[in-house]
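**Q** One structure is given below, represented as structure tokens, and several questions about it will come after.
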Amino acid sequence: MILRLKNSVLQCRNLLTFSNPQHYIHFKIKLCKKIDDLKTLKSQLITSGLINHKHVVSEFIGQCFDLGTPEFALSVFYASKNRSLFLQNYLIKHLCKFGLYENVISVYKSCVICGCSSGDYTYPFVIKSCAVLCDVDLGKEIHGVVLRTGYDSNAVVQTALVDFYSKIGRVDVARKVFDEMPEWDLISCNALISGYCYNGSDYEALDVFYVMWVNGVKGNVPTLASIIPTCTRLGFRNLGRCLHCYAVKGGFNHDESLIPALISLYASNGDVSVVESVFDLSPVHNAVILTSMICAYTQNQMPERAFEMFSRMVYADLRPNTVTFVSVIPCCEKMNSLSHGECLHGCVIKYGLENQVSVAPALISMYAKLGEIDSATCIFNHMSSKNLLAWNSLISGYVNQGFLRKSLEAVREMNAAGFEPDSISVINILSACADLRALILGKSAHGISIRKGFDSNLNVSNLLLSFYSDCVHLDSSFKLFARMPLKNSISWNTMISNCVNHGEIRKAESLISEMQQEGLQLDAISLISILPVLNESRKSAQGMSLHAYAVKFGFISDVTLANALISMYCNCNCLDAAELVFSTMMRRCVVSWTSLITGYRYQNLHEEASFLFKVMINSGQKPSYITLLNVLPGCRTLLEGKSVHCYAIRTGVMLQNTLVTSLISMYSRFKEVMLCHILFDAGDKLDISLWNVMLSVFLEAKDPEKAFALFRDLLLTKLKVDYVTVLSLVSACAQLNSISLGNCVLGFAIKNGFSNETNICNALTDLYAKNGDILLAKTVFDSLLYRDAVSWSTIINGYGLHGYGDSAISLFSQMENFGLKPDRITYLNLLSACNHSGLSERGKVIFNSMLTSGVQPRMEHYACVVDLLCKTGELNEAYELVTTLPYGPSASMLESLLGACRVYGNVELGEKVGELLIERYPENPTVYVTLHNVYAGAGRWDDANRIRVLMEEKELRKVAAFSLLEGYS
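All residue numbers for the sequence shown refer to our numbering, where the first residue is 5 and numbers rise by one.
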């Protein structure tokens, strides 16, 4: 080592004897190993005058860049007075290599000022710098210089101009420059292709690629790096695969700039296995490639794998970028994992990206969708520079979490901050206005969309259609729909669904026809929208045709559509078809099982519903609270009901208040009032349905006093009652036979705005009529704005109870004049009125009209006619009707006839009816008493005494009478 040091010293001494000082400076430059050496040498250059020697300066500049001090190279260049073209080009080349494009522009401008000319080697670097810096004015100025100096025929310069105009968004000028090139090569083609892709002109990029390929110019890695993503965006996956094969054949398929493009290509088609193969075969796994894999997993709904890839990146000490975080953060929403989101948030802060314009909005959106709206707001408030994307993320979070008024307040703050709403903002505003039914604000958002030109955006237009429908402005939806220049299947489906929801079935059917005439085929959503309309047996054929259509076009595999078909067949009483759809489903969800169970319930097939429920549990499906709601009514024993209750508690379904009310109803059926109390105390007291069902429990238990006590507790909660509550109160008054309480309930109904509720007025009419106040009953009836068949039946029955048969028949005529068709109850009340008034002939006419109108009489109708005939003494006709009934006579019917025989002294007929009654109902004491009275009235005391003895032997006692009127006993 000492020897080597001596040799170096001797060499330096020899250099001092060099006759040419340039040789000495060249040697000194090579010996510089740090910036201090360069500073010392720079001073020597200035003092020796070699600072103006181009070769010395160029070598010095090169050494500066080798040592990583470009700023020192610039200082030497500016200190030199000999800024030759050679020195200029040398410096510009190195500055571009270091990405110092602003310095490139400064050097160029200084050379122009000094009168230094530029050449074909200078302009490409300067033009590239203008492209990167988007310095449009200087770029155009240089283009003019190029044209003026004759360098426009240089292929390298023209290629740089193509790239420049592409980068500034003037791809049309770039194409013009390209077409004017005397001869283009692969590099110029790549520049134009890249420009088209950069500006979203994918088809034009493919056109250039085709021309290039036809002319024998084969693509390289930069070509494929532009064209393969274009194939992905356009959906030309087969072409993308062909280009992959070309890359394999050319031996550059493992180039690290191609790997992300290939991953994206296969990920867009869901070929995750191919994506993983491309990744595994890649010799390099850098941050860009790992980020591409994260994007691929996120795109294919594989959040766990995306997190695994992110962890791999972190463990490999590779720095994630903004694209990485924007891709992986949405996975937290899909996994519903707040802990993962908080970890990612920590990583964002660690890498200093929390204020990035794309990362912060992604965090806001993630926290909002996971229900942490306060965290989302906190991130937004701490953003140093808010952009429109951040505002939209926050507003969208408010809307999704139901903070609708807050979302509109945020919109006002966004406007105050100087941000104009875009189409996303308008969509968020309309969503909030639709839920709030804020018609005026929604119309304002519509106005903004027109002014900004967003009304041509299909997403905005479709949401406007839905908004007007939600605000019950279907006409506005139709006007907007008619003006829409473009419509897609979502537009048509939205309108069809709106019509169905508003009961406009004919309009919905018309829209379906128009949609098909426009050349658009019905899709699964269209069928799902129209199927709920088919809810009657007579519409089953139409439902079958839609089912056939779904099978023909391959929609039947859609689970939601299959569920809608099951519900449709159940509503049309076609359970066999519903079971067939269910049995042929390849995949079933909870809704599938629930739909069929619901169908069984509505057909009163409770055993089938319970069996299917057990099969559902055994198959591993977890029933929802709706499933349990349909199973509970079929529980035949208290044990079955308790089993369902236990299952609900064990699986956590008990959180739903509707299930609590259904359980209370179930326990009420088994007279378990104490259990009903326990469930009531555990339920949500802010839900009026819970109070209503508890009122019904007391009414079913014939305990109206407790019902009124519960109502007093309800009033103390200040909770708003509904019409069901008032109906329960009226029923309690009826059980108590209390007109005074009925008057109080009527006053309460008037005060709370229920005086026009048809159901309540019907109940009050019945209450007053049955408690002796027919005038007040008629007053309530007359106050009704809308009268249904129940209203007429109730008042007819009231007049009948009070013996006003003619008035009841007159009301029946008025009912028919109003176009209302009487049902079985109306005819029963009318026959009862004739019965009470002794209108035998009128009663017969009404009974015959009932038969001719197609209303099938039931036992109670025949009993009423028999009773009417008995009262008018037409006993033989009554007996003939009793004995010719398709089903046997009831006890009350025979008792009525027997009582009439006693009144009219028809002992022979009375004896026949009495023997028939004793034969059928031997334990009924009323039969023996009446028959005894028949014999006694005819003076047949031996027979009368025989009946009395028989009654004593059977230990039968006459039932004591009681009064139904308040204040009497």
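Don't be surprised by glycine CBs; every beta carbon is placed ideally from N, CA and C.
Nothing here was measured: the structure is a model prediction, and the numbers come from that model.
If you count every other CB in all the chains shown that lies within 10 Å of the CB of T888, and 16 or more means buried, which is it?
**A** Result: exposed.
**Q** Taking only runs that begin and end inside the region 148-204, name each unbroken beta strand (DSSP E) of 3 or more residues, in chain order.
**A** Within the region 148-204, no complete beta strand (DSSP E) run reaches 3 residues.
**Q** Could you tell me whether the region 393-410 touches the region 368-380, where touching means 3 or more Cβ pairs closer than 8 angstroms?
**A** Counting Cβ pairs under 8 angstroms, three or more are found: they touch.
**Q** In terms of alpha-carbon separation, which member of V911, T655 and N194 lies closest to Y629?
**A** Selected option, being the one with the closest Cα: T655.
**Q** Under 9 angstroms, do D206 and Y214 count as touching if we go by C-beta distance?
**A** Contact flag unset, no.
**Q** Our contact map puts T498 next to S470 with C-beta atoms below 8 angstroms; I'd like the distance itself, whole angstroms only.
**A** Correct: roughly 5 angstroms between the Cβ atoms.
**Q** Counting only the same chain and skipping the five closest in sequence on each side, list residues whose C-beta sits under 6 angstroms from that of W695.
**A** Contacts found: L718.
**Q** Go through its chain and collect everything with a Cβ distance to A265's Cβ below 8 angstroms, but skip five positions before and after it.
**A** Closer than 8 angstroms at the Cβ level, and outside the excluded window around A265, lie L228, A229, I232, P233 and T236.
**Q** Using the Cα positions of H506 and Q360, report the straight-line distance between them to the nearest angstrom.
**A** Near 46 angstroms, if we compare the C-alpha coordinates of Q360 and H506.
**Q** Taking only the alpha-carbon atoms, compute the straight-line gap between A767 and R673 and give it to the nearest angstrom.
**A** If you take the alpha carbons of A767 and R673, they lie about 23 angstroms apart.
**Q** Under a Cβ-count criterion, where at least 16 other Cβ atoms within 10 Å of its own Cβ denotes burial, should N242 be classed as buried or exposed?
**A** The residue is exposed, with fewer than 16 neighbouring Cβ atoms inside 10 Å.
**Q** What number of angstroms, rounded off, separates the C-alpha of C503 from the C-alpha of K447?
**A** C503 and K447: Cα-Cα distance of roughly 21 angstroms.
**Q** Do Y250 and G223 have their C-beta atoms within less than 9 angstroms of each other?
**A** A contact, by the Cβ cut-off of 9 angstroms.
**Q** Taking a contact to mean a Cβ-Cβ separation below 9 angstroms, would you say V576 touches G547 in this structure?
**A** The identity of residue 576 in the sequence shown is Cys, whereas the question assumes Val. Taking 9 angstroms as the Cβ cut-off, C576 and G547 qualify as a contacting pair.
**Q** Does H386 pass the burial test, meaning 16 or more other C-beta atoms within 10 Å, or should it be called exposed?
**A** Result: exposed.
**Q** Can you give, in chain order, each stretch of the alpha helix (DSSP H) that sits fully within the region 217-270 and has at least 4 residues?
**A** If we require 4 residues or more, the alpha helix (DSSP H) runs fully inside the region 217-270 come out as 225-238 and 241-254.
**Q** Report all residues from its chain with a CB closer than 7 angstroms to the CB of N391; omit the five preceding and five following residues, and keep chain order.
**A** Closer than 7 angstroms at Cβ, skipping near neighbours: V361.
**Q** Does DSSP put A320 in a helix, in a strand, or in coil?
**A** If DSSP states are grouped into helix, strand and coil, A320 belongs with coil.
**Q** In three-state terms, what does DSSP make of L723?
**A** Looking at L723 - three-state DSSP - the assignment turns out to be coil, as it is neither helix nor strand.
**Q** Under DSSP, the alpha helix (DSSP H) around E704 begins and ends at which residues?
**A** That run of the alpha helix (DSSP H) goes I692 to E704.
**Q** Less than 9 angstroms between the beta carbons of R944 and V907, yes or no?
**A** Cβ distance not < 9 angstroms, so R944 and V907 don't count as in contact.
**Q** Could you tell me the distance, in whole angstroms, from the CA atom of D167 to the CA atom of R174?
**A** When rounded, the distance between both Cα atoms is 10 angstroms.
**Q** Do you know offhand how far L524's Cα is from A773's?
**A** So the two alpha carbons sit approximately 60 angstroms from each other.
**Q** Within the same chain, show all residues whose beta-carbon is closer than 6 angstroms to that of L99, passing over the 5 residues directly before and after it, in chain order.
**A** Cβ within range, chain order: N107 and V108.
**Q** Please name the residue, chosen from I172, D211 and L151, that lies closest to V136 on a Cα-to-Cα basis.
**A** Comparing Cα-Cα distances from V136 to each of I172, D211 and L151, the minimum goes to I172.
**Q** Is the number of C-beta pairs between the region 453-466 and the region 416-423 that are closer than 8 angstroms three or more?
**A** With a cut-off of 8 angstroms, the region 416-423 and the region 453-466 do not count as touching, because too few Cβ pairs lie within range.
**Q** Run through the region 789-832 for me and flag every whole alpha helix (DSSP H) of 4 or more residues, listed as ranges in chain order.
**A** If we require 4 residues or more, the alpha helix (DSSP H) runs fully inside the region 789-832 come out as 793-805 and 809-821.
**Q** Tell me whether L538 is buried or exposed, calling it buried when 16 or more other Cβ atoms sit within 10 Å of its Cβ.
**A** With 16 or more other Cβ atoms within 10 Å, it is buried.
**Q** Give me the Cα-Cα distance between S261 and F240, rounded to the nearest whole angstrom.
**A** Distance between the alpha carbons of S261 and F240 is about 20 angstroms.
**Q** Which of the three DSSP states, helix, strand or coil, is assigned to L285?
**A** Helix at L285.
**Q** If you reduce the DSSP assignment to three classes, tell me which class I333 lands in.
**A** Here I333 sits in coil by DSSP.
**Q** Go to D378, then tell me how far its alpha helix (DSSP H) extends in each direction, as first and last residue.
**A** Its alpha helix (DSSP H) spans residues I377 to N385.
**Q** Could you give the C-beta distance for T602 and N634, rounded to a whole number, given that I count them as a contact under 8 angstroms?
**A** The Cβ separation is near 5 angstroms, so the contact holds.
**Q** Would you report the Cα separation of S693 and I509, rounded to the nearest angstrom?
**A** C-alpha separation (whole angstroms): 31 angstroms.
**Q** Find the nearest neighbour of F485 within the set S495, V476 and H477, judged by alpha-carbon distance.
**A** When each option's Cα is compared against that of F485, the closest is S495.
**Q** Let's test the definition: count the other Cβ atoms within 10 Å of the Cβ of E820 and tell me whether it reaches 16, buried, or not, exposed.
**A** Flag for E820 reads exposed.
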